[in-house]
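Written out below as structure tokens is the structure these notes cover.
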Amino acid sequence: MQLKSLELQGFKSFPDKTVINFSGGITAIVGPNGSGKSNISDAIRWAMGETSSKSLRGVKMEDIIFSGTKTRKPVGFAQVSLNFDNTDGDLPIDFAEVSISRRYYRSGESEYYINSNQVRLKDIQDLLRDTGLGKDGYSIISQGAVTQIITAKSSERRTIFEEAAGIARFKYKKEESERKLSQTQDNIVRLSDIISELSERLSILEKQSAKARKYLDLYERKKLLDIGLWISTADNSEKILSNAEKVLNTFSSDLKKAEEALSCAEQETEKLEEEIRKLTAEIENFRRSGTEKEKLIQEKNGKILVLKNDISHTEQNLARIKALTEEYSHREDEIKNRIETETKKLEEKLENIKKLEEEYLKIAEGERQLSDEEKVSLEKIVSLRNAISEYDGKLSGKKAEAAEFSALIFSDSERSGAIELEKAALAKTLAEWEKTLKDKKEKLVEITEKENSCKNKLAGYEIKLGTQREKSSRLAEEIRSAEMDLNNKKHRLKLLEDLEKNNEGFSGSVQRVLADGKRGILKGICGTIASLIKVEKEHSVAIETALGAAIQNIVTEDQNSAKNAIFHLKNNKAGRATFLPVDTIKGRLIDKKVLKTADGFEGIASELVSCDDKYRNIIDNLLGRTLVVNNLDNAAKTAKLNGFSYKTVTSDGQVVNAGGSLTGGSVGKNIGILSRQNEIEELGKTIKKLEENHSQKEKESETLKEELNRALLMVEGIKEEISLTEKEKLQAEMEISHAEDFSSDIRSQISALEEEEKAARKRIFEQREKSEKISAESKEFEEKLSRIRTDITLAEKENETLKSKQETVRERLNKKNIEIVNAKNEAESIRSEIDRASGEKISGEEKKKSFETELSEEEAKIESFRKKIDEIEKEISELRNSLEETETETKKKIEERTEKEKRISSLREEEKETYSVKEKLIREIEKTEAEKSSVTEKLSTMQNHLWDEYEITPTEARENYEAPENPREAEEEVASLKNKIRLLGSVNIEAIEEYADVKERYSALTSQVEDLSDAKEKLLRIIDGLTRDMEKLFETQFKIINSEFEKAFKELFDGGEAKLTLVDSENPLEAGIDIYAAPPGKVINNMSSLSGGEQALTSIALYFAILKIHPAPFCLLDEIEAALDDVNVSRFAEYLTRLAGNTQLIAITHRRGTMEIADRLYGVTMREKGVSRILTINVDEIENDA
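Following the numbering used here, the numbering of the sequence shown begins with 867 at its first residue and continues without gaps.
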């Protein structure tokens, strides 16, 4: 058997799928430190069943999954597959090629596969046992294992020797046998205790069982008699019901005649009432016509008043127009006088304007003379200003020098100020960095708190996971409970539907008609009253009580169908039944006009029943004269108010019959046919709700599972967040260090600026001394300039005086100009007034003409109004004549209506007498129906008793039982049987079955104890045999290993001594193993005295000895020669070549000597940080190329 290949995906530094193929001989795996070489060794160890994360160089098992890099995301699982060539059958499995795979998810789930079939870890361990492979084998030898086998205690070395000696499988079988033996012993003790308890219970159950059998005998006899008595009672009741049906038919015929007479009277009354309504309408029309004519007369009188008022108003208007005409004649003279006066004023104003213009020209000449003098003064001022400019130039030169020094002083002052600003800015920056440093430190605290918060959150989610798992368990229990309830309801529904289907509760004759109708023997059968109506649950008892035996009446399409059914029953001697033909039955309803109700009235019975409109007459006939009230007190009040004319039923089944008799008592729930139908309907609804609830619970369960999965993802997310927080914490610490460095640099810059500021202040002092000297020279020039400026001031004052005089003259000119303008405006105003007066004169003349036209129009209006008044008075006279004719016709119609009302009164008396006869018949019918109902109810009660007590239907009772010959003796025997059953006291019916079960179990357990005792003896013999075989095999193999160890040691050390000894030779299977080794020329008392290289080579010699006598299919050596010098590496390599003939060798190494003997080289690199890659080099090809 050989290892053909290794496949890795997501394992440690191998995120991508990687395949390493192995051939016979020696394969070397090389690469720099940290490249992931040893991850290959860990992968093989893990795939063969290693469960310790510490042995895989991790803290937790999740560490084997690739955790990601800066450029790659983490993966969700790790998988490793080992593919073996098993053509020689070393593995106990019928496959030439065997693949062992292991997969691990971040959620903690593990999966194991053999040839793609999922198995347990135990299956893989069993497959590899005694092959040298597996967790406890010697097929993988690491650098640590080399050292450990030397330094370990003698008792800790046994595992590898047991595997090498081939007793591991035997040891496993022995341990399994000992475990079975322990379990067998425990089972014997446990079963013995149970048998002891069962023995005590058997004696008690035996007595209870005998008592229960006696009870069952008495109960069966009582049942036989009870059912027989019911059959007897049922037969008698059917005879009573048949006689009552005949009486009802007679009463119904008489009632029909009374109703026909009543109907004729009602029809004539209705005809007369219709004629009266028509007469009343005609009277109303006449009255309405008279009212309208009176209204028209009033309206026309109103119009006359309006016209008279218009005439008065028009006359007043005529007087006003005449007065206005006279007024305009007087105003015409006044306007003419005003025009003459305003013309004189205009002439005077024009003369004044001419005088003002002459004065204006004299003042303008004086203003020109003053302007010439002011011009001479300005020329003098210009000359003085030129002298000032000359001295100003000289002064400017001095000031320029002073400004230069001032600029230097300013520059240095500015620099000094800038330095202050820079210092302030740096101080501000320093403060900001110190604040940043403080913030970073606070952030570090926050990150630390966040990290702690995440850890607390993680703990909280783990608690939540536990809570959700408990909730999931509770929900599963609720779902189981709901399923049980649902099943019970479905069983009950099926039972009721079977009763309904078989028409249980109906008489034999009704059942026969219904059955023959379904089979097509009888035509036109619609069904029973019970099957054709629908009643709300709260009214079902009342309606069933009201119907009584009529609930079993059969509805037919027509009278012929009913007759055919009666002949069919008669010919087959199948009993009697009542039939209700749809085409002959008429509804009988209470007249609501005369109905009186008290508190608690719920309605007329027929109105509380729903049915097809086709059957409404039948339902009205049966229930149209029955009232439903909430309780007996209110029923009595309602019956009394209506003179006990109607049957009144309460919601709980009590009856006040027509005539005043009462029927009542207790009524069981769900006793009747309607109640059964209601229960079927309610059960259907309940089952639907339960199914919906069950579905909802299952959805909740699915949701809870999803929440569990989300919670698991949250836990993973929080773990990832903790990892990120740790990175943030490291980043924050680095930023704090950077901030501290930057703050130190800023403090250095502030010191340099302070030195520069000191030098600037010194320069400012020197430049100020030079500036003061130049200021003295400038002062002399300023004094000369001051004298010239004084002369300019005097010249400017003289110029100002001239300007002032010039201004005064100009003001006078302006005033004269204003006076001229005002005078012209006044003259223009006078002209406007003359024009306005001329316009008024013309307008007055036009209005006088208008008033004359208006006078003639108003006079024409008055004439027109008077003609209209004459016409309206003529119309009023005609309307008065028509009104008198209408009143005469109205009196005639009123007399005719009075005669018809008298005839209606007479007819109502006749109806009252007929109605009294009808009510009497109804009371008799209801009395008979009540008797039928009482008998039917008694039958129903007994029928329900049959079901409640014995769960038997009437049909089954008649088929399987007979009525007793002497019912009285049967009743006495039933009473005696009840007394005997009572004297038995409490009876445990289940004791019979329980006694049989316990007895059977007692026998079975006794047999089991005997079998277990036999098994115990067999196991003891197996354990003894295995122990002897293991001791013999171990001693033999130990001697061979010891001999080979000595040879291998001498070959590797080129001499020396080495041996293995058992610490306790009397107990070889438990004894520890000591190693003695002495290199050439040395005497060794303690193995710790050997150097590291000597210890390693000793350990290697021991492993090579084991491999030589018991070769593993392959052996992986993980840098076990690292501690050897080059000479010993050469010996090591030479020995490996000899071992390679029997064992496939895989060496992870970085020693040249080992690489040189390899048949194939694999290189492990890490070009991408954190991701390992495999490079393949075929040594044979390299040698051929060379």
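Here a beta-carbon is modelled for each residue, glycine too, at the ideal position from N, C-alpha and C.
Report the residue from the options whose alpha carbon sits nearest the alpha carbon of residue i.
{"i": "GLU1063", "options": "ARG2039, LYS1913, VAL1864", "result": "VAL1864"}
{"i": "GLU1572", "options": "ARG1774, SER1338, GLN1377", "result": "SER1338"}
{"i": "SER1065", "options": "SER1869, ILE2040, LEU1982, GLN1903", "result": "SER1869"}
{"i": "SER1227", "options": "ARG1789, VAL1675, GLU1737, ARG1346", "result": "Looking at the sequence itself, residue 1227 is Leu, so the reference to Ser does not match. If we check each option's Cα against that of LEU1227, VAL1675 comes out closest."}
{"i": "ASP1991", "options": "LEU1968, SER1957, GLU1041", "result": "SER1957"}
{"i": "ILE930", "options": "GLY890, ASN949, GLU963, GLY974", "result": "GLY974"}
{"i": "ASP951", "options": "PHE943, VAL941, VAL964", "result": "VAL964"}
{"i": "TYR970", "options": "PHE1970, LYS878, GLU1224", "result": "LYS878"}
{"i": "SER1008", "options": "ARG1997, ILE1986, ARG2004, PHE1467", "result": "ILE1986"}
{"i": "ARG1629", "options": "SER901, ILE1791, SER1282, ARG1746", "result": "SER1282"}
{"i": "THR1964", "options": "GLU1776, ILE1941, LYS1948", "result": "ILE1941"}
{"i": "PRO1934", "options": "PHE1900, MET1953, LYS1905", "result": "PHE1900"}
Beta-carbon within less than 7 Å of residue i's beta-carbon, same chain only, minus the 5 sequence neighbours each way: which residues are those?
{"i": "THR2042", "result": "TYR2028"}
{"i": "ILE892", "result": "LEU2002, ALA2006, LEU2011, ALA2013, ILE2023, ALA2024, ASP2025"}
{"i": "GLU1831", "result": "none"}
{"i": "ASN1322", "result": "none"}
{"i": "TYR979", "result": "SER967, VAL985"}
{"i": "SER1108", "result": "ARG1442"}
{"i": "GLU1792", "result": "LYS1513, ASN1523, ALA1524"}
{"i": "LYS1733", "result": "none"}
Alpha carbon to alpha carbon, how far is residue i from residue j?
{"i": "ILE1016", "j": "MET2032", "result": "34 Å"}
{"i": "ASN1438", "j": "LYS1389", "result": "17 Å"}
{"i": "TYR1861", "j": "GLN1874", "result": "20 Å"}
{"i": "THR884", "j": "THR1314", "result": "40 Å"}
{"i": "ARG1848", "j": "SER1842", "result": "10 Å"}
{"i": "LEU1668", "j": "GLU1225", "result": "23 Å"}
{"i": "ARG938", "j": "ALA1605", "result": "32 Å"}
{"i": "LEU994", "j": "GLY942", "result": "28 Å"}
{"i": "SER1695", "j": "ILE1219", "result": "15 Å"}
{"i": "SER1048", "j": "SER1879", "result": "12 Å"}
{"i": "VAL1840", "j": "GLU1815", "result": "14 Å"}
{"i": "ILE910", "j": "GLY900", "result": "18 Å"}
{"i": "THR1872", "j": "ILE1858", "result": "21 Å"}
{"i": "ALA1937", "j": "LEU1926", "result": "12 Å"}
{"i": "LYS1715", "j": "ASN1747", "result": "52 Å"}
{"i": "ALA1502", "j": "LYS1462", "result": "12 Å"}
{"i": "LYS1459", "j": "GLU1777", "result": "15 Å"}
Compute the distance between the beta-carbons of residue i and residue j, then report whether it is under 9 Å.
{"i": "LEU1071", "j": "LEU1850", "result": "no"}
{"i": "GLU1917", "j": "ALA1943", "result": "no"}
{"i": "THR841", "j": "ILE1770", "result": "Outside the displayed span of the chain (867 to 2052) sits residue 841, for which this structure offers no information."}
{"i": "PHE1152", "j": "THR1756", "result": "yes"}
{"i": "ARG1385", "j": "ALA1440", "result": "no"}
{"i": "ALA1131", "j": "GLY1414", "result": "no"}
{"i": "ILE1470", "j": "ILE1395", "result": "no"}
{"i": "THR1780", "j": "ALA1127", "result": "yes"}
{"i": "ILE1972", "j": "GLU1910", "result": "yes"}
Quick one: residues in its chain with C-beta nearer than 6 Å to the C-beta of residue i, no 5 flanking neighbours on either side, listed in chain order?
{"i": "GLN1425", "result": "PRO1447, THR1450"}
{"i": "ASN1536", "result": "Note on ASN1536: pLDDT 39, under 50, position unreliable in the model; the coordinate value appears next. Taken in chain order, the residues that qualify are GLU1545."}
{"i": "SER1472", "result": "ILE1485, ASP1486, LEU1489, GLY1490"}
Given residue i, which residues of its chain have a CB within under 8 Å of its CB, disregarding the five upstream and five downstream residues?
{"i": "LEU2056", "result": "Outside the shown range of the chain (867 to 2052) lies residue 2056, about which nothing can therefore be said."}
{"i": "LEU1068", "result": "TYR1861, VAL1864, LYS1865, TYR1868"}
{"i": "GLU1592", "result": "GLU1317"}
{"i": "GLU1564", "result": "ILE1345"}
With a floor of 3 residues, list each beta strand (DSSP E) that falls wholly inside the region 1358-1443, ordered by position along the chain.
1391-1394, 1399-1401, 1420-1422
3 or more residues per run - each beta strand (DSSP E) lying fully within the region 910-972
Scanning the region 910-972 from its first residue to its last, the whole beta strand (DSSP E) runs of 3-plus residues come out as 943-951, 963-971.
Enumerated in chain order, which unbroken segments of the alpha helix (DSSP H) with a length of 4 residues or greater are wholly contained in the region 1890-1948?
List check, alpha helix (DSSP H) in window: nothing returned.
What runs of the alpha helix (DSSP H), each 4 residues or longer, lie entirely inside the region 1963-2010?
The region 1963-2010 contains these whole alpha helix (DSSP H) runs: 1992-2005.
Can you list, in chain order, the stretches of the beta strand (DSSP E) that have 3 or more residues and sit fully within the region 1455-1479?
Listed in chain order, they are 1467-1470, 1475-1477.
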